[in-house]
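Here's the structure, in structure tokens; my notes come after.
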Amino acid sequence: MAKVHNWQLGREMEYTYGGAYPERQFAFVFNINRCIGCQTCTMACKSTWTFSKGQEHMWWANVETKPYGGYPQNWDVKILDKLNRANPGGQSWGGETSDDPQQPYGRFDGLTVFEADRALDPPSSRVLGYLPTDEEWNAPNIYEDNPLGKKGVRDKLDEEGVELPTHKTWFFYLARICNHCSYPACLAACPREAIYKRPEDGIVLIDQQQCRGYRKCVEACPYKKSMYRGNTRVSEKCIACYPRVEGTDPESDGRPMETRCMASCIGQIRLQGLVALNEDGTWKEDRQNPLYYLVHVARVALPLYPQLGTSPNGYYIPPRWVPKPYLNQMFGPGVDQAVENYLHPDRELLAVLQLYRRSNLIIYRYEIEEGPKIYEGKLHGRDVTLYNDTVVAFGHDGKEIFRTTIEDPLHVRSERHANSI
Ligand code: SF4
Ligand code: SF4
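With numbering that gives the first Met the number 0, letter number 79 in the sequence shown gets 78, and the count goes up by one each step, no holes.
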């Protein structure tokens, strides 16, 4: 075991290997507030990568309904329960959230999946995990769209709390792919060293020649994003559509492009990019990169279950209508600030949120051109002024990809075409 710095936990932690960080890291920010659960992303991935025999149960990209749902079923409840059993009552955060990029969410004082395994006597393997059953893999989304009802009363929804900020009866859609973690549990657990993290973009891949199907990665990944294929007897996982990210897909014309699941998103919740890293794995200050801005400046986007310790590179803008205790266990101590900042967006945040899904090319930098005032009023009880600013997106070569405004353009149909479609 080596000691590595995990900035999401605000401390050093034990990991199987020493830290090795890519120049740029594949990362994404999903805005849960916008997801409509249409599953277009799920099918875009399925029809690209997992439509063959032996892959029937595989959903590299999936969307599950929280709090009830999960694919495989109950994946998060099961791993969190195992961690709690390994460290009863100790899975807590200390310290304060702050602007310090080394410790933005305070300090996690509990045990990660790597440390909890070491605490067992004797350690079971390299990572605390479990193998889901076939039934848990086989039935995604079963009975999922059921909101949490009135507590203790069967089939009854709570009639109070149907207004923001918090609903008493609630659910939300959680879209998930592999997080291409900075400390991948799948990689740590593989006895064949068949899993590797690419130095150019941090994408985590399984070498299909090297894998012998021991399923240690399936057991170890706390997000359950490594999957075993019975007919080839090897494991497979999300490959982050790497030909698109590399710009080698015929469609991308040499320019780095977002993955299929991102590009197909109907709700425009998905923004993916590549963030520059420092030598210790923290994010290099890159103020005009939209992902850096959302995570470290606006502080509206948080990692999914950071306490697991893999340093996931998937970030989420939490749903604003959901009770905080549920969000805290899922996204850590940054939730209050993230929801507050999202509910009261400043001028820059409002502009950056317009970057979502205007293009399939990866955005490296944005600029804002100030526009005229278009609205003055109240939002959630506070004074608000809106400006029709223009946000401009630039690609890897510094060239403009697109520009868009806060206000949607209004097109008035000419009289000649008034009655035509
Ligand atoms: S989410 Fe799971 S499969 Fe993906 S890199 Fe992290 S540990 Fe590995
Ligand atoms: S395509 Fe977008 S809106 Fe539809 S389920 Fe997927 S993430 Fe949600």
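Note that beta-carbon positions come from the ideal geometry of N, C-alpha and C, so glycine has one too.
Any idea what DSSP makes of residue i, helix, strand or coil?
| i | result |
| --- | --- |
| Glu-375 | strand |
| Asn-140 | coil |
| Leu-156 | coil |
| His-295 | helix |
| Ile-31 | helix |
| Tyr-304 | coil |
| Leu-127 | coil |
| Leu-409 | coil |
| Glu-368 | strand |
| Arg-84 | helix |
| Arg-243 | helix |
| Ala-26 | strand |
Report, in whole angstroms, the separation of the C-beta atoms of residue i and residue j, which I expect to be a contact under 8 Å.
| i | j | result |
| --- | --- | --- |
| Ala-188 | Arg-125 | 5 Å |
| Gly-313 | Phe-113 | Not quite, the Cβ-Cβ distance comes to about 19 Å (not below 8 Å), so this is no contact. |
| Gly-105 | Gly-93 | 6 Å |
| Phe-26 | Ser-263 | Checking the sequence, you will find Ala at residue 26 rather than Phe. 19 Å between Cβ atoms; not a contact. |
| Ile-202 | Val-244 | 7 Å |
| Thr-96 | Gly-333 | 5 Å |
| Leu-270 | Leu-354 | 6 Å |
| Asn-178 | Pro-311 | 3 Å |
| Ser-358 | Ile-405 | 17 Å between Cβ atoms; not a contact. |
| Asn-140 | Gly-68 | 6 Å |
| Met-57 | Met-226 | 5 Å |
| Ala-115 | Leu-127 | 4 Å |
Return the first residue and the last residue of the alpha helix (DSSP H) that residue i is part of.
| i | result |
| --- | --- |
| Phe-330 | 323-330 |
| Arg-117 | 112-118 |
| Asp-335 | 334-342 |
| Ala-417 | First-last for Ala-417: undefined, no H or E at that position. |
| Ala-43 | 39-48 |
Can you tell me whether residue i is buried or exposed, with buried defined as 16 or more other CB within 10 angstroms of its CB?
| i | result |
| --- | --- |
| Leu-273 | buried |
| Ile-205 | buried |
| Asp-75 | buried |
| Val-411 | exposed |
| Asn-418 | exposed |
| Asp-388 | buried |
| Asp-382 | exposed |
| Glu-123 | The sequence shown places Ser at residue 123, not Glu. Flag for Ser-123 reads exposed. |
| Val-152 | exposed |
| Ser-91 | exposed |
| Tyr-365 | buried |
| Pro-318 | buried |
| Gln-207 | exposed |
| Phe-50 | exposed |
| Arg-346 | exposed |
| Asn-479 | With the chain covering 0 to 420 only, the question about residue 479 has no answer from this structure. |
| Gln-101 | exposed |
| Glu-22 | exposed |
| Lys-372 | exposed |
| Gln-7 | buried |
| Arg-415 | exposed |
| Pro-302 | buried |
| Ala-300 | buried |
| Lys-45 | buried |
| Asp-200 | buried |
| Ile-268 | buried |
| Gln-209 | exposed |
| Lys-65 | buried |
| Gly-253 | exposed |
| Lys-398 | exposed |
Could you please give the first and the last residue of the uninterrupted beta strand (DSSP E) stretch that includes residue i?
| i | result |
| --- | --- |
| Leu-349 | Note, Leu-349: premise wrong, no beta strand (DSSP E); alpha helix (DSSP H) at 346-351. |
| Val-3 | 1-5 |
| Met-261 | First-last for Met-261: 259-262, but that is the alpha helix (DSSP H), not the beta strand (DSSP E). |
| Met-12 | 10-14 |
| Ala-275 | 269-275 |
| Leu-173 | 171-175 |
| Tyr-450 | Since the first and last residues shown for the chain are 0 and 420, residue 450 lies out of range. |
Quick check for students: name the residue ranges of the beta strand (DSSP E) that lie wholly in the segment 52-82, counting only runs of 3 or more.
61-65
Can you give, in chain order, each stretch of the alpha helix (DSSP H) that sits fully within the segment 187-241 and has at least 4 residues?
Complete alpha helix (DSSP H) runs here, min 4: 215-219.
At 4 residues or longer, what runs of the alpha helix (DSSP H) sit wholly inside the segment 374-404?
none
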